[in-house]
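Asks: Questions regarding the structure given below will be posed in turn.
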Amino acid sequence: MGEAEPKIARKPRADAIRNRERVLDAAKVVFSAGGPDASLDAVARRAGVGIGTLYRHFPTREALFEAVYRREVDQLGDFAEELKGEPDPVKALRRWLGANVDLVSTKKGMLAALAIASYGSCDLYAYSFERLTRAIGLLLARAVEAGEIRDDVSAEDLLRALVGMCYLHDQVGWQANVVRLMDVFVDGLLVRKPG
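Structure representation (structure tokens):
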């Protein structure tokens, strides 16, 4: 008897990929506004798909929360790659830090669900911390090599400072406050040129 032929994984159809992306876009908006209790029906309506389509892509609420968060983290990692071509490395670092505030804003609306999604496993947190640390490290290293930023701060230090600032602010308009505070923080890291 011959060996069974290996199954060849089919690529998802283009419409299935579009539906998945629309669900993720809609979920980010709905979850950011409504937190962990936001309705999955609201996500499906906003995405323009049926609830069955949503569940085919994301069988549980937690799977959807995790997918939204992972996509945001990946987009920030990709954004750091784009910014490494920016002529001003300090400006690139500031732009990335500002973009990170949006991720934290999304995550704040999903904290309870993310805790459920990652219960018993630190994979989600480990993944995001590693990916974001690598991204910020890329931009920080460019600024240090250019002689613009002091070399005694690590990517992990900078990421922890940003996250700490984000979680200390819960009032309306906190995002603008955090961006302003991060600018002050980055100003404190600038190398002082003899003048």
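Take 1 as the starting number for the sequence shown in the UniProt record's numbering and just add one per residue. Even glycine gets a Cβ: it sits at the ideal position worked out from N, Cα and C. All values reported here derive from a predicted model rather than from experimental measurement.
Using 10 angstroms around the beta-carbon of K193, count the other beta-carbons present and answer buried if the total reaches 16, otherwise exposed.
Replies: Flag for K193 reads exposed.
Asks: Hey, how far is the Cα of A38 from the Cα of A126?
Replies: C-alpha separation (whole angstroms): 26 Å.
Asks: For S128, is the classification buried or exposed, using 16 other Cβ atoms within 10 angstroms of its Cβ as the cut-off for buried?
Replies: Result: buried.
Asks: In its own chain, which residues sit with a C-beta less than 7 Å from the C-beta of G120, not counting the 5 before and 5 after it?
Replies: Since pLDDT at G120 reaches only 47, below the 50 mark, its modelled position is unreliable, and the value read off the structure follows with that caveat. Cβ within range, chain order: n/a, list empty.
Asks: Look at L158 and I136 and say whether their C-beta atoms are less than 7 Å apart.
Replies: Taking 7 Å as the Cβ cut-off, L158 and I136 qualify as a contacting pair.
Asks: CB R150 to CB V191, shorter than 7 Å?
Replies: Closer than 7 Å, so yes.
Asks: Do three or more CB pairs link the region 170-179 to the region 69-78 at distances below 8 Å?
Replies: As far as the Cβ criterion goes, the region 170-179 does not touch the region 69-78, which means the pair count is below three.
Asks: Going straight from the alpha carbon of A99 to that of V163, what length do you get?
Replies: If I take the Cα positions, the gap works out to 12 Å.
Asks: Which term fits A27, buried or exposed, when burial requires 16 or more other beta carbons within 10 angstroms of its beta carbon?
Replies: By the neighbour-count rule (16 or more Cβ atoms within 10 Å), A27 is buried.
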